[in-house]
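Contents: one structure, followed by commentary.
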Amino acid sequence: MEELKHKPTRDGAGEAMLELGKRNKNVVVLSADLTDSTRAGWFKKEFPDRFIGFGVAEQDMLGAAAGLALCGKIPFACTFGVFASGRAWDQVRVSVAYMNLNVKIIGTHGGITVGEDGATHQALDEIALMRILPNMTVIVPSDANEAYKATMQSADIDGPVYIRLGRNPAPILTKKEEPFKIGKGVLYSEGSDISIITCGHSLYEAKKAREELLKEGIKARIINLHTPKPLDKEIILKAAQETGAFVTVEEHTVHGGMGSAIAELTTGECPVPIKMVGIRDTFGESGEPLELLKYFNLATEDVVKAAHEALQLKKK
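Counting in my numbering, the sequence shown runs from 97 upward without gaps.
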């Protein structure tokens, strides 16, 4: 088996912001103290006159981003996802989303695999917090290649965008030349017995789970739903009709995240059994990323177990 290359999704976004800076003089980058961690420093080095640092002042940063958008700029506001969605949520809601402003929020360090930083820095609920806002687009790239494409394309969307990125190197599961479109899910693997729908780093666990299920003769379809909002209704409802059961996998609380969005859609249009693999109503903890995946039941074996449970429900 070919060994996969690894790269943080935040690196893909950093490279894209730098490229956008070269292409469009209206692109500006803002950072709330975490310039190196969010990869905003790469843009700062090349375009210091289009970079603004705010220190530990996320609310000020988002308010300034709104003002810059009103002036015709395309601001990329960079900080940890837990701070963008928590400390600055009122500014995101009222100053950015309510006015439907052209602000791009780069939220890094999403999910439990942030690792040793612990509960205060592990964003486990920001997909929910961002997707409930009118006008907001929410993207969760699976690898660095998708992060690059998502960041590049976000500049062409006239409105607010939230991009959730990870800290740790993640397996590169897609190719640079593969098509990517915000709002369109990707059929990653064919399958007719059950659908595993995932976003972000969890695509890797879904991939490994599919391989384990195949050993049992179970053919799982994998959908890379990199855009939890707006949902690709077509690919989800087609999977519901053709496979009849879902497992959703995400490094996020099961309350209000991607899985919830899928359940909201299918309940009204094509009900199927759904088992959700995610964080269960708890805060994160400090630890090694792989240990935390196992501790919070987000590992390959948990996806396989959920698939068996969904298939049992499908038979009833």
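All C-beta atoms in this analysis are idealised placements derived from N, C-alpha and C, irrespective of residue type, glycine included.
Which partner residues of residue i appear in the DSSP bridge assignment?
{"i": "Thr-233", "result": "Val-257"}
{"i": "Thr-349", "result": "Ile-375"}
{"i": "Pro-267", "result": "His-102"}
{"i": "Lys-245", "result": "BP columns for Lys-245 are empty, so no partner."}
{"i": "Val-282", "result": "Asn-320"}
{"i": "Ile-358", "result": "Its beta-bridge partners do not exist; DSSP assigns none."}
{"i": "Ala-219", "result": "Gly-206"}
{"i": "Ile-370", "result": "Phe-342"}
Count the other CB atoms, across all protein chains shown, that sit within 10 Å of the CB of residue i; report buried if there are 16 or more and exposed otherwise.
{"i": "Pro-367", "result": "exposed"}
{"i": "His-348", "result": "buried"}
{"i": "His-205", "result": "buried"}
{"i": "Met-97", "result": "Low local confidence applies: a pLDDT of 48 at Met-97 is under 50, so the model's placement there is unreliable, with the coordinate-based value given in what follows. Label assigned to Met-97: exposed."}
{"i": "Val-102", "result": "A small correction: the amino acid at residue 102 is His; Val does not occupy that position in the sequence shown. Answer is exposed; the Cβ neighbour count stays below 16."}
{"i": "Cys-420", "result": "Given a span of 97 to 412 for the chain in the structure shown, any question on residue 420 remains unanswerable."}
{"i": "Pro-86", "result": "Residue coverage of the chain in this structure runs from 97 to 412, which leaves residue 86 outside it and unanswerable."}
{"i": "Asp-254", "result": "exposed"}
{"i": "Thr-378", "result": "exposed"}
{"i": "Val-236", "result": "buried"}
{"i": "Ser-288", "result": "exposed"}
{"i": "Thr-396", "result": "buried"}
{"i": "Val-152", "result": "exposed"}
{"i": "Glu-273", "result": "exposed"}
{"i": "Cys-167", "result": "exposed"}
{"i": "Thr-247", "result": "buried"}
{"i": "Thr-339", "result": "buried"}
{"i": "Ala-136", "result": "buried"}
{"i": "Pro-275", "result": "exposed"}
{"i": "Glu-242", "result": "buried"}
{"i": "Arg-119", "result": "exposed"}
What is the DSSP secondary structure of residue i, reduced to helix, strand or coil?
{"i": "Arg-317", "result": "strand"}
{"i": "Ala-240", "result": "helix"}
{"i": "Met-97", "result": "Because the pLDDT at Met-97 is just 48, under 50, the model does not fix this residue reliably, and the point stays unresolved."}
{"i": "Phe-342", "result": "strand"}
{"i": "Ile-228", "result": "coil"}
{"i": "Ser-127", "result": "strand"}
{"i": "Ser-291", "result": "strand"}
{"i": "Lys-325", "result": "strand"}
{"i": "Asp-107", "result": "helix"}
{"i": "Lys-390", "result": "helix"}
{"i": "Lys-277", "result": "coil"}
{"i": "Asp-252", "result": "coil"}
{"i": "Ser-298", "result": "helix"}
{"i": "Arg-119", "result": "helix"}
{"i": "Gly-262", "result": "coil"}
{"i": "Lys-304", "result": "helix"}
{"i": "Gly-380", "result": "coil"}
{"i": "Thr-396", "result": "helix"}
{"i": "Thr-363", "result": "helix"}
{"i": "Lys-272", "result": "coil"}
{"i": "Lys-411", "result": "helix"}
List in chain order: all unbroken beta strand (DSSP E) runs of 3+ residues lying wholly within the region 142-213. 147-149, 170-176 and 200-204
Would you say the region 155-165 touches the region 218-234, given that touching needs at least three Cβ pairs under 8 Å? no
For the structure I just gave you, are there three or more beta carbon pairs, one from the region 304-314 and one from the region 325-332, closer than 8 Å? no
For the region 354-361 and the region 379-392, state whether three or more C-beta atom pairs, one from each stretch, are separated by less than 8 Å. no
The region 143-157 in contact with the region 224-233 per 3-pair CB rule at 8 Å: no
For the 8 Å Cβ check, are there 3 or more pairs between the region 118-131 and the region 253-264? no
For the 8 Å Cβ check, are there 3 or more pairs between the region 372-381 and the region 339-347? yes
Measuring CB atoms only, is the region 187-194 touching the region 280-293, in the sense that at least three cross pairs come out at less than 8 Å? No, the region 187-194 is not in contact with the region 280-293.
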